[in-house]
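Going by this note's numbering, the first residue of the sequence shown is number 519, and it counts up by one from there. One structure is given here, and the rest of the page talks about it.
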Amino acid sequence: MKCLWLSFLSLFLCNVLLAQHENYIRIVPQYGFVIPHRPSMGVLLQGHVRGMELDLVRHTNGSKAWQRLYRCPDYGIHLFIADLGNPSMLGQGYAVVPFIAFPILTMPHAGFSFNIGSGIGYISHIFDVRDNYKNVAIGSHVNGVMQAAFEGHLDLSQNTALHWRFAFTHFSNGAWKVPNLGINIPTLGVGVSHAFGPSYSKLAAVTPDTLSPLLPKWALRIFVAGGLKEVVRYGGRKYPVGVLQAACMRGLGKKSSLGLGLDGFYNSSLPMILSDSLGNKGPAADGFRLGVVLPYEVHVSQFVIALQVGYYLINAYPAQGTYYQRIGWRYKLNSHIALSYSLKLHLAKADNMEIGVVYSL
């Protein structure tokens, strides 16, 4: 009976959201600032961030099981352009970010949602040892971008709506090129949208064979990934890094899973970082780390949002921190194999990018 009521509620909410048009275009001016999350970044703050976001958005209509499961989310592409508040040191930031917006509260002519996305960005002014040495935030023009936002809307007419959003945007190259403290930008924005395209008259019928299946009650995940990184004192050289993870996962219904596992890391830059005052390289074993990890996954159709927090049990370099985090995306090729892209962090500082594969038993 509970599942039946949830199905009716999901259908009602989808109808509320999608009773008009399939697509809309949205423009939202942005105003914010760069967070100086390290003391050395204070010199970069000379003004506020002023930007613009152009969004191309598509509604979902509940025709697929995952759409009903998440109350018919929107998805699309953010096009982000901003003056970063320091024309000589930071310049401008640009980003293209695919996203999905999960409804939180829906009403006949208004709504509130949580938006998350990941894409690629460009920073016009980067660190240069002679001409821009005070820019310790970013060392490469091309960067990965992650964005999260809370946003709301109010319909002004059948085709036009008012939008407001609070967003957090992060630029980082995952230590591919140093310096890489990253650029973190909270912004507020108010804008408008215009709907176009075909209208939805009703949702697809809910039939038992199209309902989302429960996630496996228990599963073993094997995660293997690698990447390259630079370190400040030895710039120019790329050091290989890798991780092997084994985790036992418990399915929590149809949407998410939670687990416990172990991470085995090798970071080939650590023996160099831990070299003595005479420059003698540390033992290779210094590059190995072992951590216990708590992984959490959100399953959206073939995509998985992976969020993890871990604690080092063996760590030759505690100055970097005893806790680590991982955020990433996975794409399921089938029920056993998924491709993975993730960013490993120590609090707000990226440690390295990880590109790999996940095998589920």
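We treat Cβ as the ideally placed atom computed from N, Cα and C, and that holds for glycine.
In chain order, Leu738 place their CB closer than 6 Å to the CB of Leu879, counting only its own chain and leaving out the 5 sequence neighbours on each side. Relative to the Cα of Arg683, the nearest Cα in the group Asn691, Gly662, Phe689, Leu706 belongs to Leu706.
The three-state secondary structure of Ile599, taken from DSSP, is strand.
Closest in alpha carbon position to Tyr829, among Tyr835, Thr840, Val546, is Thr840. Secondary structure at Gly637: strand, using DSSP grouped into helix, strand and coil. Under the 10 Å beta carbon count, Gly745 is surrounded by 16 or more other beta carbons and is classified as buried. Selection Cys766, His817, Leu792, Asp646 evaluated against Lys772 yields His817 as nearest (Cα-Cα). Runs of alpha helix (DSSP H) with 4 or more residues, each lying fully within the region 762 to 802, are found at 788 to 791, listed in chain order. At least 7 Å separates the beta-carbon of Arg576 from that of Tyr549. Listed as beta-bridge partners of Ser858 by DSSP are Arg848, Gly874. With respect to Glu748, Val696 sits close: the two C-beta atoms are nearer than 7 Å. Contact check between the region 590 to 608 and the region 551 to 565: three or more CB pairs, one atom from each, fall below 8 Å, which counts as touching. Straight across, the Cα-Cα distance linking Asn653 with Ala866 is about 17 Å.
Taking a 10 Å sphere around the C-beta of Thr687, we find 16 or more other C-beta atoms and assign the residue as buried.
Across the structure, Ala655 and Leu680 are spaced so that their CA atoms are roughly 35 Å apart.
DSSP places Arg739 in the uninterrupted beta strand (DSSP E) bounded by 736 to 747. Take His854, set aside five residues on each side of it, and the residues of its chain with a beta-carbon closer than 7 Å to its own are Tyr877, Ser878, in chain order. Counting only the Cα atoms, Ala743 lies some 37 Å from Asn541. Spanning the alpha carbons of Ala824 and Leu812 requires a straight line of approximately 11 Å. Trp584 carries a helical assignment under DSSP once its states are collapsed to helix, strand and coil.
Only residues of its own chain outside the window of five on either side were considered, and among them Gln826, Ser860, Lys862 have a CB closer than 6 Å to the CB of Arg844, listed in chain order. The residues Gly744, Leu746, Ser786, in chain order, have a CB closer than 7 Å to that of Pro758 in the same chain once the five nearest residues on each side in sequence are set aside. Distance from Phe689 to Asn661 at the Cβ level is roughly 5 Å; contact confirmed, criterion being Cβ atoms closer than 8 Å. Under a 10 Å Cβ-count criterion, Pro789 is classified as buried, with 16 or more other Cβ atoms of the shown protein chains found around its own Cβ.
The DSSP-derived three-state label of Pro836 is helix.
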